[in-house]
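Chemist: After the structure tokens below, expect a handful of questions from me.
Numbering (our numbering), first residue to last: 50 to 160.
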């Protein structure tokens, strides 16, 4: 089974959609990094937003303040989350484990 060739218009539309999706994921990760969003809020957002749902868990974790490649990998190993897992693919135990690992992350301006 072969994929039919796309017209130039279809290719341009696909490129535009992919660019918009990358920008949306980058925006969410930047808001997480700045503390504007918490991990819990990003996980909730992924339930409603298909673009956010396709974000890799490791990329989200690395966007958290004070979390780098090493800590993200350690947490994912400990919680038995595959390195290529996306937010949509997380199970309830994995979500609760992540939220337990990073409770109330990034909330700076309280009171």
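Backbone N, C-alpha and C define an ideal beta-carbon position, used for all residues, glycine too.
Please report the Cβ distance between residue 121 and residue 107, rounded to the nearest whole angstrom; I am assuming they are in contact, meaning their Cβ atoms lie under 8 Å.
Modeler: Your numbering for residue 121 matches position 72 in the chain shown. Your numbering for residue 107 matches position 58 in the chain shown. The Cβ separation is near 5 Å, so the contact holds.
Chemist: Taking 7 Å as the cut-off, is the C-beta of residue 128 nearer than that to any heavy atom in the ligand FMN?
Modeler: Of the ligands one can find in the structure shown there are none, so the ligand FMN has no counterpart to examine.
Chemist: Whole angstroms is fine: what's the gap from residue 116's alpha carbon to residue 62's?
Modeler: Position 67 of the chain shown, counted from the start, is the residue given in the question as residue 116. Position 13 of the chain shown, counted from the start, is the residue given in the question as residue 62. Cα to Cα, the separation comes out at about 36 Å.
Chemist: Three or more beta-carbon pairs under 8 Å between the segment 91-111 and the segment 71-78, yes or no?
Modeler: These segments touch.
Chemist: Using C-beta distances below 7 Å, list every residue in its chain close to residue 82, excluding the 5 sequence neighbours before and after it, in chain order.
Modeler: By 1-based counting over the chain shown, the position of residue 82 is 33. Taken in chain order, the residues that qualify are 112 and 114.
Chemist: Taking residue 111 as part of the alpha helix (DSSP H), name the residues at either end of that continuous run.
Modeler: Here the question's residue 111 lines up with position 62 in the chain shown. Here the alpha helix (DSSP H) through residue 111 covers 106-112.
Chemist: For the alpha helix (DSSP H) containing residue 100, name the first residue and the last one.
Modeler: Residue numbering aside, residue 100 sits at position 51 when the chain shown is read from its first letter. Per DSSP, residue 100 belongs to the alpha helix (DSSP H) from 99-102.
Chemist: Span of the alpha helix (DSSP H) holding residue 124?
Modeler: For the purposes of this step, residue 124 is taken as the residue at position 75 of the chain shown. It spans 118-127 - the alpha helix (DSSP H) in which residue 124 sits, taken as one unbroken run.
Chemist: I'd like the list of long-range same chain contacts for residue 151, defined as Cβ closer than 7 Å, with 5 residues on each side in sequence excluded.
Modeler: For the purposes of this step, residue 151 is taken as residue 102 along the chain shown, with counting starting at 1. Same-chain partners within the cutoff: 88 and 113.
Chemist: Restricting to Cα atoms, I'd like to know which of 54, 67, 110 and 56 is closest to residue 135.
Modeler: Counting from one through the chain shown, the residue named residue 135 turns up at place 86. For residue 135, the nearest C-alpha among the options comes from 110.
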